[in-house]
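For the protein sequence lines, the chains are L and C, in the order given.
Per the numbering used here, the first sequence starts with residue 3, numbered consecutively.
Per the numbering used here, the second sequence starts with residue 3, numbered consecutively.
We put the beta carbon where it would ideally sit given N, CA and C, even for glycine.
All values reported here derive from a predicted model rather than from experimental measurement.
Protein chains: 2
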Amino acid sequence: MSSQYQAPLSDMQFQLFDVWQVQQHWQQVPALAEQLEPETAQAILQEAAKICEQQIAPQSQLADQTGVRLEQGEVSTPEHYKACYQAWCEGGWAGFSGDPEYGGMGMPKVLSMMLDEMMCSADIAFSLYPGLTAGACVTLQQYASDEVKALYLPKLYNGEWSATMCLTESHAGSDLGLMRTKAEPQADGSYHISGSKIFITAGEHDLTDNIIHLVLAKLPDAPAGSRGISLFIVPKFIPDAAGQPGTRNALHCGSIEHKMGIHGSATCVMNFDGAVGYLLGDPHKGLAAMFTMMNYERLAMGSQGLGAAERAWQNALAYANDRLQGRISERDANKAEPIIRHPDVQRMLYTIQSLNEAGRSFSTWVALQLDKAKYSDDEQGQQLANLLTPIAKAFMTDLGLECTVQAQQVFGGHGYVKEWGMEQLVRDVRIAQIYEGTNGIQAADFLLRKVAGDKGAVLQQLYREIESWLDTSNVLHQQLASYLLRCQQLTESLLKRGSENKALLADYAYDFMTLNGYLLYGYMWLKQIEALERAEIADETKQQKQKLAHFYFARILPRVETFIAIMQD
Amino acid sequence: MSSQYQAPLSDMQFQLFDVWQVQQHWQQVPALAEQLEPETAQAILQEAAKICEQQIAPQSQLADQTGVRLEQGEVSTPEHYKACYQAWCEGGWAGFSGDPEYGGMGMPKVLSMMLDEMMCSADIAFSLYPGLTAGACVTLQQYASDEVKALYLPKLYNGEWSATMCLTESHAGSDLGLMRTKAEPQADGSYHISGSKIFITAGEHDLTDNIIHLVLAKLPDAPAGSRGISLFIVPKFIPDAAGQPGTRNALHCGSIEHKMGIHGSATCVMNFDGAVGYLLGDPHKGLAAMFTMMNYERLAMGSQGLGAAERAWQNALAYANDRLQGRISERDANKAEPIIRHPDVQRMLYTIQSLNEAGRSFSTWVALQLDKAKYSDDEQGQQLANLLTPIAKAFMTDLGLECTVQAQQVFGGHGYVKEWGMEQLVRDVRIAQIYEGTNGIQAADFLLRKVAGDKGAVLQQLYREIESWLDTSNVLHQQLASYLLRCQQLTESLLKRGSENKALLADYAYDFMTLNGYLLYGYMWLKQIEALERAEIADETKQQKQKLAHFYFARILPRVETFIAIMQD
């Protein structure tokens, strides 16, 4: 009766190698071409799947029940997390996408994104411990000196140490310019950091020997607002000459939050009382450094939505096949049929599956753009990644909630009791719409910054590229072409109306972001159908993909109608 | 920092006396005309509001934390529930809509529905204890002999005893025909009931001296399936000659469920081991008797959605006015503005408020039809109530989830921590989409039974009535008229296509139900606007109503576009 999980490895391979043909990009990048072929990647994903399926996922309900405890400043995580974390680190997964010069595996985002999804299916709360570290490493890789990198990165890559991001303060959430944490310069070049940060994921825990906090704070001469924020490395234990955890720093966990979900994750109030810190990057440029990382990691938030929805779907499907209730043909009143035969149950299952598989395609696409930008300095890739990242974060997590709720609904009353694990998926995934920039902030970022920022150039270019790719002899292609045309016109008209009325754009931002999500998921389905020709997969899978594509176009894509109607002039 | 609540008494009065002018119906019913005038009703609502606001609501978070406990067959509810329950009963609220002949207050549904909403805002879990009793009384009133009524009703009306509905078995949820609980006739005319029921709300608890179970079971000669189910009264303590709780009956609570929410409500597995029971109504006709009550009570489920959403909105509004974050005019970078100034936050708050106030209007409308049927034998009222009840249950609870989630989102990270109470509203309201017939079942009931059952006659008649009421010189009226026309055509075409293809109707049932929900909420907004002319309310309130109506038509009603597009031929 507990919640099951099996990594969707076949679909992951289909998305990677058939739909987006990432191997073509790998071949162009010497560093990747040397070590990565589809077969290697497949083996890698299989290994990661094993830990997720066999060790982490089966205990996620236990982690929810146990939760974290704070006693005298020390945070205990669920007992089994230690073994899970050890297994994860021993497999080399902690440094999976890290810089090989410092002991990382240098793996591309298209693969680490799949790992993220599996980890989130297995246990979102657990995934945050290695997840935050991986995020912090991105900033260190980009902004730290060689010396600092050599000191911290190897230990973060092997998981011996972990890391956090300390941004939020109680009165400064989405508006970081208001923060009050101070950094006082010291004679030796270090700083003393004082202030209190809230909502710090993995701020304190018992999985690693040291915790490296990346803390945003203000220097004494800081300009007002968000242009006066600097970034500091503040280790829990200051590394000694040998690079080992030395003196305990003046920081501690003041309390932990009691939350709706992700009970296994420690969400801490962190107090810095003149803690020793080291400037990372340039003074007053901390926010940019932090956002470099956050943008790169926002795709991982989308994977939380997808991961939870995938596990929810698997369990709902199994339950619907198993649960006998009602009958379609009323032959034998005492003999019920599996509820999957009921059209409304099918509708729910298809809704989830069609959104999940489009979502997996979408995040592979975005990850590929991030890889192109990182490994090939591809400017177009970077532009596209910038444009699509807020959709990946917000739209995918909104769907994460919708899909877990739908899957829970398939279980009827059993979905509401803890035993089956369905309600936990709903509670756990809910946070993904909130943290790392609320989805409202993402929507504003998408329309006001990314789209209006270049007068719609990148988005309209994307529309045109999709349009020119479409085959107008195909019915589904025609349908998308017609929506594309309407979206092109809408975008144009909206930007015109919004050019002197920023409030109008802010007002429509959420609708516009969501509209584009559904439109692009339509594109994802057509890309998948196209890939079926070259894919070496079972006929049954091909037929299922066709069916899902048609379902998406018939039942989900028309949601676009509402958003167009709302925003039309 | 805890969750607040103030009963929306002004809007309730506006809906009752200005929009639906229920006083006109009361004047036609002698039993109501004698005791009820708008002023009396106002005083009644104020009194109920006091208990909800001052006693129940402030402790709902405590109830969530405490939960219920099962020890040696006895269930303890949260400690403060005893005082709340006593206050509720002392106020006479337990028998509010009960038959005056047996000590009830005989109050109409339009008022008890308002009580339901307030109770659900205050604490859904608590509301279920008196709520189940009120529901069971409806069945007893209609099906029990005078002797049985005289024995049970007075004690249920004064709250001394409570009642349950025992339907579900572990393998028989939505499909009650599969049930296995048996009733063996005894020489004295009673029956011995044996079997196990699950998900029994208030099956065991410490608030009353006795618990009267209404149990569905099969007689030895029962036909197969749902046509062979009978209904029995099975008291926890068998009343003695003096009508006092006597011998302990052979039934007990085997376990309680650990649930996502409504932690203060005891959801019990009830085992009947040859318990003494008394047939209620005719043999094999138990399901019909149970459904009489369920249909009448399904509106109360809608009130759970509305009640939670109302409290969520009130708290989100207060938070949005209080929380300083970001700025619209960038004059002072260190000085933030309340987040309510942000268009996206306004969008969320308006969404919730426009849905809530339309929902309150809608449930008043449905309640009035139930009252017309009950007090005036109005056949049209009954037909309309039958048609609209599944929408009230399913659509209003779906919106309950959407609105509580949106309100939680306004709080950002603070919405996810327990302290503020927002996440509890989401968890608590989620069950309302599941119990008393899942929303999928409601949708099927609406399209397959209610609409297709009379070939669309009542629905199309309703469309025509609304159409003829519309004033085509008004822009909003025009917009609704245009949607109405499209819905008329769609209904016709759908029923035609579905006449030989029941699966097609089952497939579209959910979309069709939701479509009609949005359409009728549009009608509700126009009815409210019309009522503004005769309403004696503040100009500010009138302007706000106008604003909300326009918001609904611009931003919510277009959801109809999607459903029409999906179901179009």
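N-terminal and C-terminal residue of the beta strand (DSSP E) that residue i is part of
{"i": "S164(L)", "result": "W163 to C168"}
{"i": "C54(C)", "result": "Careful: C54(C) lies outside any beta strand (DSSP E) and carries neither H nor E."}
{"i": "R71(L)", "result": "R71 to E73"}
{"i": "E76(C)", "result": "E76 to S78"}
{"i": "P187(C)", "result": "K184 to P187"}
{"i": "N297(C)", "result": "Note, N297(C): premise wrong, no beta strand (DSSP E); alpha helix (DSSP H) at G288 to D324."}
{"i": "R329(C)", "result": "No beta strand (DSSP E) contains R329(C), which DSSP labels as neither H nor E."}
{"i": "R250(L)", "result": "P247 to R250"}
Chain C contact residues for residue i, given Cβ-Cβ distances below 8 Å
{"i": "I433(L)", "result": "Y418"}
Beta-carbon gap between residue i and residue j smaller than 8 Å
{"i": "N273(C)", "j": "H286(C)", "result": "no"}
{"i": "S267(C)", "j": "T203(C)", "result": "yes"}
{"i": "G402(L)", "j": "A434(L)", "result": "yes"}
{"i": "Y159(L)", "j": "Y104(L)", "result": "yes"}
{"i": "A511(C)", "j": "F565(C)", "result": "no"}
{"i": "Y83(L)", "j": "A65(L)", "result": "yes"}
{"i": "I568(L)", "j": "R557(C)", "result": "yes"}
{"i": "S308(L)", "j": "S365(L)", "result": "Checking the displayed sequence, the identity of residue 308(L) turns out to be Leu instead of Ser. Their beta carbons are under 8 Å apart, which means L308(L) touches S365(L) by this criterion."}
{"i": "L72(C)", "j": "I258(C)", "result": "yes"}
{"i": "R300(L)", "j": "A185(L)", "result": "no"}
{"i": "G205(C)", "j": "C139(C)", "result": "no"}
{"i": "N212(L)", "j": "F234(L)", "result": "no"}
{"i": "S378(C)", "j": "V21(C)", "result": "no"}
{"i": "S172(C)", "j": "T183(C)", "result": "no"}
{"i": "H207(C)", "j": "A277(C)", "result": "no"}
{"i": "A338(L)", "j": "M515(L)", "result": "no"}
CA-to-CA distance, residue j to residue i, given in whole angstroms
{"i": "C405(C)", "j": "L117(C)", "result": "20 Å"}
{"i": "D572(L)", "j": "S232(L)", "result": "Outside the shown range of chain L, which is 3 to 571, sits residue 572(L), and nothing can be said about it."}
{"i": "Q8(C)", "j": "I354(L)", "result": "38 Å"}
{"i": "D380(C)", "j": "K374(C)", "result": "5 Å"}
{"i": "A50(L)", "j": "K220(C)", "result": "53 Å"}
{"i": "D430(L)", "j": "Q56(L)", "result": "20 Å"}
{"i": "Q23(L)", "j": "L550(L)", "result": "21 Å"}
{"i": "G477(L)", "j": "L528(L)", "result": "Reading the sequence as shown, one finds Val at residue 477(L) and not Gly. Rounded to whole angstroms, V477(L) to L528(L) spans 11 Å at the Cα level."}
{"i": "A43(C)", "j": "K111(C)", "result": "12 Å"}
{"i": "Q462(L)", "j": "L178(C)", "result": "55 Å"}
{"i": "V428(L)", "j": "G100(C)", "result": "39 Å"}
Chain L contact residues for residue i, given Cβ-Cβ distances below 9 Å
{"i": "A556(C)", "result": "I568"}
Where residue i meets chain L, residues with beta-carbon distance less than 7 Å
{"i": "S176(C)", "result": "Q327, G328 and G414"}
{"i": "E563(C)", "result": "E563, T564 and A567"}
Beta-carbon neighbours of residue i, restricted to chain C and to distances below 7 Å
{"i": "E425(L)", "result": "M262"}
{"i": "P560(L)", "result": "T564, A567 and I568"}
{"i": "A338(L)", "result": "D177 and L180"}
Check: residue i C-beta below 7 Å from any heavy atom of the ligand FAD
{"i": "A511(L)", "result": "The model depicted lacks the ligand FAD and carries no ligand whatsoever."}
Interface partners of residue i on chain C, CB under 9 Å
{"i": "Q411(L)", "result": "Q435, I436, T440, N441 and G442"}
N-terminal and C-terminal residue of the alpha helix (DSSP H) that residue i is part of
{"i": "L521(L)", "result": "K504 to L534"}
{"i": "M115(C)", "result": "K111 to Y145"}
{"i": "K151(L)", "result": "D148 to Y159"}
{"i": "N476(C)", "result": "Unbroken run through N476(C): none, as it is neither H nor E."}
- [ ] Mind checking the region 255 to 273 of chain C against chain L and listing, in chain order, the residues whose C-beta falls within less than 7 Å of any C-beta there?
- [x] Along the region 255 to 273 of chain C, going in chain order, the ones with a CB nearer than 7 Å to a CB of chain L are E259, H260, K261 and M262.
Task: Interface residues of the region 502 to 517 of chain L facing chain C [CB-CB below 7 Å] - done: Along the region 502 to 517 of chain L, going in chain order, the ones with a CB nearer than 7 Å to a CB of chain C are A505, A508, D509, A511 and Y512.
Open item on the list: Residues of the region 444 to 467 of chain C in Cβ contact with chain L at a cutoff of 8 Å, in chain order, please.
Closed with: Cβ contacts with chain L: A445 and A446.
Task: Interfacial residues, the region 25 to 44 of chain C to chain L, with Cβ spacing under 9 Å - done: Per Cβ criterion, the list is empty.
Task: Near-chain L residues of the region 180 to 201 of chain C (beta-carbon distance less than 7 Å), N- to C-terminal order - done: Along the region 180 to 201 of chain C, going in chain order, the ones with a CB nearer than 7 Å to a CB of chain L are L180 and F201.
- [ ] Compile a chain-ordered list of the residues in the region 343 to 360 of chain C whose CB is closer than 8 Å to at least one CB of chain L.
- [x] Answer set for the region 343 to 360 of chain C: H344, P345, D346, V347, Q348, R349 and M350.
Open item on the list: What are the residues in the region 150 to 172 of chain C lying within 8 Å of chain L by C-beta distance?
Closed with: Answer set for the region 150 to 172 of chain C: T170.
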